[in-house]
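Notes follow the structure.
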Amino acid sequence: MKRGKQIEFFNIILKFDERLRLLEDLVSETDMDNKVQSVFSKEKCKSCYSKIDFAQLFYILMDEGLLFFDNVDEKNNRSKFQIFLENNFTYAGDEGEQSKIKSISRQFSECKGYTYKVKQIKFLNEFIAVMQDRKRRLESW
Numbered sequence: 006m007k008r009g010k011q012i013e014f015f016n017i018i019l020k021f022d023e024r025l026r027l028l029e030d031l032v033s034e035t036d037m038d039n040k041v042q043s044v045f046s047k048e049k050c051k052s053c054y055s056k057i058d059f060a061q062l063f064y065i066l067m068d069e070g071l072l073f074f075d076n077v078d079e080k081n082n083r084s085k086f087q088i089f090l091e092n093n094f095t096y097a098g099d100e101g102e103q104s105k106i107k108s109i110s111r112q113f114s115e116c117k118g119y120t121y122k123v124k125q126i127k128f129l130n131e132f133i134a135v136m137q138d139r140k141r142r143l144e145s146w
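Dropping the structure here:
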């Protein structure tokens with residue numbers, strides 16, 4: 006084999022090796038991302054609220070347009086919101102232990118109903134008191 010052909014052959018091998026390493030890095034990074042994502046998807050954000058109060062908090066944030074998935078289609082937004090909450094949060098169940106949210110549809114419906122107006126006003130007053138207390142603490146720094 007001539008020297009020129011040998012150099013060309015080695016260059017091809019080096020390029021092939023470089024591509025294999027890049028592919029290997031890509032696979033290992035993707036695998037790591039999947040592992041990390043898998044760990045996070047199993048862990049849920051915990052809440053000190055009861056299921057109905059938890060629903061009221063997020064329903065209000067959604068209904069006021071502060072948080073949304075789809076700001077055009079209200080029905081789609083609500084559906085996606087409920088699925089997101091069910092998949093990512095827990096609430097304070099009986100005796101304060103955390104419970105999975107299997108479905109939050111009924112609680113969202115209750116938030117919308119006129120008969121739950123009094124409960125929602127009570128919840129808002131308690132939430133506002135917490136926020137006002139926080140504001141006072143910040144102002145006193």
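Sequential numbering from 6 applies to the sequence shown in this note's numbering. Ideal placement from N, C-alpha and C gives every residue a C-beta, glycine not left out.
- Residue environment analysis places Cys53 among the exposed positions, since fewer than 16 neighbouring C-beta atoms fall within 10 angstroms of its C-beta.
- Bridge pairing for Ser104: Tyr96 [DSSP].
- At a Cβ-Cβ threshold of 8 Å, Gln125 and Ser110 do not count as neighbours.
- For Cys50, the secondary structure class from DSSP, reduced to helix, strand or coil, is strand.
- Comparing alpha-carbon positions, the option among Gln61, Lys80, Lys49, Asn76 lying closest to Lys127 turns out to be Gln61.
- For a cut-off of 8 Å, the C-beta gap from Leu90 to Ile65 is around 13 Å, too long to register as a contact.
- DSSP places Asn82 in the helix class (H, G or I) of the three-state scheme.
- DSSP places Val123 inside the alpha helix (DSSP H), whose first and last residues are 122 to 144.
- Taking 8 Å as the cut-off, the beta carbon of Phe74 is found closer than this to the beta carbon of Asn82.
- In this structure Lys56 touches Tyr96 by the C-beta definition: roughly 5 Å separates them, less than 8 Å.
- In the DSSP assignment, Tyr64 falls within the unbroken alpha helix (DSSP H) covering 56 to 68.
- Ile17 and Leu27 have their alpha carbons spaced roughly 15 Å apart.
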